[in-house]
Amino acid sequence: MTAIFRLAGSALCGLALVGCVANPQAPHSSPNAPTRPSSAAVVTPQTPPSAASMAVRQHYARVQADLLSNGLLRTDGGGRDTPFTDRMLAENFIRIALYDEYARGPSGPVQRQTASRLRRWETPVRVGLRFGPSVSASSRATDTARIRSYLGRLSRLTGHPIALNDSEPNFFIHIVNEDERRALGPTVAQALPGLSASEVAGITNMPLSTYCLVYAMSEGTSGRYTRAFAVIRSEHPDLLRLSCMHEEIAQGLGLANDSPRARPSIFNDDEEFALLTGQDELMLRMLYNPALRTGMTESEARPIIESLARALVGGES
1086 MTAIFRLAGS ALCGLALVGC VANPQAPHSS PNAPTRPSSA AVVTPQTPPS
1136 AASMAVRQHY ARVQADLLSN GLLRTDGGGR DTPFTDRMLA ENFIRIALYD
1186 EYARGPSGPV QRQTASRLRR WETPVRVGLR FGPSVSASSR ATDTARIRSY
1236 LGRLSRLTGH PIALNDSEPN FFIHIVNEDE RRALGPTVAQ ALPGLSASEV
1286 AGITNMPLST YCLVYAMSEG TSGRYTRAFA VIRSEHPDLL RLSCMHEEIA
1336 QGLGLANDSP RARPSIFNDD EEFALLTGQD ELMLRMLYNP ALRTGMTESE
1386 ARPIIESLAR ALVGGES
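Using this note's numbering, the letters of the sequence shown correspond one by one to residues 1086 to 1402.
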């Protein structure tokens, strides 16, 4: 469901957009965790949804029902029907971690596969969770618990500190409805000052074919992420909502691209898997392995990636 967009035009920073996009064939606590974690997301009083938001909610209810009826949005993480070798793991990792799906254009992101560099966080990831006023208290509680648990899982996989923390957050997640997202422009611009007006508009005017997205900012060509901004539609039914959380947060950590060959994986626009799979977990472990360095090109990283894949999977390639 996701795509990546890197803003390389600035001498000070690079930006990557990851957006969960519908497949055209488918219907439309680490020991080093930061201190003083927030125990709750920022809360605002609930407001009733508009007619436009209700229509979006009905649309995605149909989308999820159609995907499930076609055997998609699997939650099993892969099994005997989805085998992969060390060579497949290495190639999938290279395509997902070292390529971008989107390039920067004058009117916003342009879909074009381009080679990139290895990107990840070097500083602790402090996630600030924000809800629109339309999100109910029960939904806020459920989403907060799910995201907190998932961040803990990601931190254990990567060995990197990743947690909810409202003390100077650097990775924002906004769960908002149609009307609230359209009003996010000033918030986006403040969080990611490297975005152009057209790129901000790509968020506020997000089409129905985009389920959710995340932008991640890095320092020049260093590959070191310093801040990220994710948007998840609150109109999504339960599984699509959780799927967006899994994919956008993981891609905001550095697995930025999608590949049609990656299976089992959420980094594939075919919607077969809704939640992080076994192969995805291995790719996250590889991404944050100290043998790799941020800013590496494919030619620099490939021998290390192949060695890591053999160690993780083994067997015949």
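Heads up, the beta-carbon is just placed ideally off N, CA and C, and yes, glycines get one too.
Just to confirm my understanding: we take G1363, look at its own chain, exclude 5 residues before and 5 after, and list those with CB closer than 6 Å. What are they? Around G1363: G1162 and G1163.
Does DSSP put G1163 in a helix, in a strand, or in coil? Assigned with DSSP and collapsed to three states, G1163 falls in coil, not helix or strand.
Distance check for R1395 and D1171, CA to CA, integer angstroms please. Answer to the nearest angstrom: the Cα atoms are 5 Å apart.
Member of E1186, V1212 and T1208 whose CA lies at the smallest distance from the CA of A1200: The shortest Cα separation from A1200 among E1186, V1212 and T1208 belongs to E1186.
Between A1347 and N1177, is the Cβ-Cβ spacing less than 7 Å? Contact: yes.
May I ask which residues mark the beginning and end of the beta strand (DSSP E) holding F1352? Taken as a continuous stretch (DSSP letters only), F1352 belongs to no beta strand (DSSP E), as it is neither H nor E.
Is S1221 helix, strand or coil by DSSP? If DSSP states are grouped into helix, strand and coil, S1221 belongs with coil.
Does the Cβ of L1393 have 16 or more other Cβ atoms within 10 Å, making it buried, or fewer, making it exposed? Buried, since its Cβ has 16 or more Cβ neighbours within 10 Å.
Run the CB neighbour count on E1253, radius 10 Å, all protein chains shown included, and call it buried at 16 or more, exposed below. Its Cβ having fewer than 16 others within 10 Å, E1253 is exposed.
Evaluate T1132 with the Cβ neighbour count: other Cβ atoms within 10 Å of its Cβ, from every protein chain shown; 16 or more gives buried, anything less gives exposed. Classified as exposed, T1132 has fewer than 16 neighbouring CB atoms from the shown chains inside 10 Å of its CB.
Once you ignore the five residues that flank T1382 on each side, which residues in its own chain have a CB closer than 7 Å to its CB? Within the same chain, and ignoring the five residues on either side of T1382 in sequence, the residues whose Cβ sits closer than 7 Å to its Cβ are R1202.
Does the beta-carbon of I1390 have 16 or more other beta-carbons within 10 angstroms, so that it is buried, or is it exposed? Buried, since its Cβ has 16 or more Cβ neighbours within 10 Å.
Where the alpha helix (DSSP H) containing T1403 begins and where it ends: An answer regarding residue 1403 cannot be provided, because it is not within the stretch 1086 to 1402 covered by the chain.
Tell me where the alpha helix (DSSP H) around T1311 begins and ends. Run containing T1311: none in the alpha helix (DSSP H); it sits in the beta strand (DSSP E), R1309 to R1318.
Would you call the CB atoms of E1223 and V1261 closer than 7 Å? It is Ser, not Glu, that sits at residue 1223 in the sequence shown. With respect to the 7 Å criterion, S1223 and V1261 are not classified as neighbours on the basis of their beta carbons.
From what residue to what residue does the beta strand (DSSP E) around H1245 run? For H1245, no beta strand (DSSP E) run applies, since DSSP gives it neither H nor E.
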